[in-house]
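First comes the structure, then the notes that go with it.
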DNA sequence: CGCGCTGCTATACGGTCGTACAACAACAGC
DNA sequence: GCTGTTGTTGTACGACCGTATAGCAGCGCG
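The following block contains the structure:
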């Protein structure tokens, strides 16, 4: 017996690649098991290392999650952007390709949705994760602003407030993505794309009034001064 | 000693009111502690009863969550609807009041957002919770369809596909609500209302093409037949 | 008043969690 | 080849989890 295989019990790795491997393992665990997958034992098993190694490379578990959040978010944004590029296409066409990528099967995986829920649920309690959200949300909005910006100046497209437009479009994309992830049978991806296209059409037609108001200025100027009585909505909630 | 207070160690309650109290305690815990608050010990302490009582009134912890989900969701919908009612207002005005209620301070509580994340995170693994989502999402959509339906037929408002319009509006509301809950400083509630109002304006102006296509029929008819080459978007994702 | 039904408590159990820490071993440099 | 560095392991610890179960006790009813 004692087959002289004698392979080393483990292999050392420079901190950088080990950290990256742990991040990848974290994403795999979150995708497969959601919140339940977020434990040093599970992630360690997924990465083929001992649980204790995680605390050796990351100050705490939520630092690892923050890193995984940033990695995944930026990777997805890059993929979607890449798919939307297509140089010979018109700005309007690139925007449609962006929508199609957003509702591609790869993005509608329930595991991905559950992963995102874990990220979101940690935002309020962990400053690092919140910082990642702020950064990545800004990056997504910037990508949309870039695509929308190319739209302006085209034939008959009026000037509009870029930042607010990106906020609205981002919300529409997110809202549709969430419901599509929760219940794929509510509507088909093609319908989600069509609804986003509708919004784009309205924007190009100048049919979104508050976006036309103030050029590219930041703050919405009272947004059409409330015509009703002054008391704000105070829901009883009970 | 032995001050003759002698108050009873506990009070019995009929199952119905006890169940309701436990549901209320669950919502309080979720609001205060998010996912961490979802434990029999914490909920029992919040309700002033022993932890074991929960498994006595509910077959499992997720049945309790499902009940809490349905209670909160329907309560919020009722409040918002109530606020939008206002009989002497025009349909368009009622819709705006609906938006204002949606972005009222009571709805933008971070605790409420975290509560919702817990609900969402249980959908994929627990059929009961999924059923509640399907029911409540349908109820919200029905409320929107009702409000949007009153819009149709008004001066110059074209016929549009009610169900798809409600889906889009619901997504826009959800997406804005999420970002407002995560980071209140991205935009002010009034801007969110304005962006929803914009969408309504576009709808009334007939500026949302795919919604005009097929009357009130259910399925979107290919939504503008893809003009590009046939291959669907297949993101490399890596 | 006393009895019994049953809502309710209290405890115990097996499991998983994050973290800490001491010992081990892979690999580079001499 | 030996040695030192340090990436890595394995274990131990205390805390919390959900569930099961045996028994206590509030309170309606006769």
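Protein chains in written order, with the working numbering: chain A, 850 to 1087; chain B, 850 to 1087. In this text, a Cβ means the ideal position worked out from N, Cα and C, and glycines have one as well.
Check: Residue 1056 of chain B - DSSP class collapsed to helix/strand/coil; Outcome: coil
Check: Where residue 1035 of chain A meets chain B, residues with beta-carbon distance less than 8 Å; Outcome: 986, 1016
Check: Test item: CB-CB of residue 892 of chain A and residue 878 of chain A under 8 Å; Outcome: yes
Check: Residue 973 of chain B beta carbon less than 8 Å from that of residue 1032 of chain A; Outcome: no
Check: Contacts around residue 968 of chain B, its chain only, beta-carbon distance under 6 Å, and the 5 residues preceding and following it disregarded; Outcome: 918
Check: Proximity test, Cβ basis, 8 Å: residue 883 of chain B and chain A; Outcome: yes
Check: Where residue 958 of chain A falls: helix, strand or coil (DSSP); Outcome: coil
Check: Where residue 1023 of chain A falls, given that 16 or more other Cβ within 10 Å makes a residue buried; Outcome: buried
Check: The alpha helix (DSSP H) enclosing residue 1018 of chain A, as first and last residue numbers; Outcome: 1011–1031
Check: Classification of residue 861 of chain A by the beta-carbon crowding that lies within 10 angstroms, buried from 16 upward; Outcome: exposed
Check: Near-chain A residues of the region 959–980 of chain B (beta-carbon distance less than 7 Å), N- to C-terminal order; Outcome: 959, 963, 966, 969, 970, 972, 973
Check: Nonlocal neighbours in the same chain, by C-beta distance under 6 Å from residue 999 of chain B, ignoring five residues either side; Outcome: 940
Check: Segment limits, alpha helix (DSSP H) that includes residue 895 of chain B; Outcome: 889–896
Check: Length of the line joining the Cα atoms of residue 1065 of chain B and residue 978 of chain B; Outcome: Bear in mind that a pLDDT of 47 at residue 1065 of chain B, under 50, signals an unreliable position, so the number given afterwards is only what the model happens to contain. Roughly 30 Å between the two C-alpha positions.
Check: Exposed unless 16 or more other CB atoms sit within 10 angstroms - verdict on residue 869 of chain A; Outcome: exposed
Check: Short CB-CB distance (under 8 Å) between residue 937 of chain A and chain B; Outcome: no
Check: Three-way DSSP call (helix, strand, coil) for residue 1004 of chain A in this model; Outcome: coil
Check: For residue 863 of chain B, three-class secondary structure by DSSP; Outcome: coil
Check: Residue 997 of chain B: CB within 7 Å of a non-hydrogen atom of the ligand FMN; Outcome: Absence of the ligand FMN is noted for the structure shown, with no ligands found whatsoever.
Check: Proximal chain A residues relative to residue 1023 of chain B, where beta-carbon distance stays under 7 Å; Outcome: 1024, 1027
Check: Residue 886 of chain A: first and last residue of the uninterrupted alpha helix (DSSP H) it sits in; Outcome: Neither: residue 886 of chain A is in no alpha helix (DSSP H) and is coded neither H nor E.
Check: Cβ contact check for the region 989–1003 of chain B and the region 989–1004 of chain A: 3 or more pairs under 8 Å; Outcome: no
Check: The alpha helix (DSSP H) enclosing residue 1036 of chain A, as first and last residue numbers; Outcome: Per DSSP, residue 1036 of chain A belongs to no alpha helix (DSSP H) and is neither H nor E.
Check: Pairwise C-alpha distance: residue 905 of chain A and residue 1036 of chain A; Outcome: 46 Å
Check: Cα-Cα separation between residue 1030 of chain B and residue 970 of chain A, rounded to whole angstroms; Outcome: 11 Å
Check: Cβ of residue 1059 of chain B within 8 Å of any chain A Cβ; Outcome: yes
Check: Buried/exposed call for residue 907 of chain B, threshold 16 Cβ in 10 Å; Outcome: buried
Check: Nearest residue (CA-CA) to residue 920 of chain A, options A/884, A/1041, A/981, A/896; Outcome: A/981
Check: Members of the region 887–908 of chain A near chain B, C-beta cut-off 9 Å; Outcome: none
Check: Residue 1044 of chain A beta carbon less than 8 Å from that of residue 1019 of chain B; Outcome: no
Check: Contact list for residue 1054 of chain B against chain A, beta-carbon separation under 7 Å; Outcome: 1056
Check: Whether residue 957 of chain A touches residue 1009 of chain A by CB criterion (8 Å); Outcome: no
Check: Beta-carbon neighbours of residue 992 of chain B, restricted to chain A and to distances below 9 Å; Outcome: Simply none; closest approach about 15 Å.
Check: Burial state of residue 901 of chain A, where buried means 16 or more other Cβ atoms lie within 10 Å; Outcome: exposed
Check: Assigned exposure category for residue 952 of chain A - 16 Cβ within 10 Å defines buried; Outcome: buried
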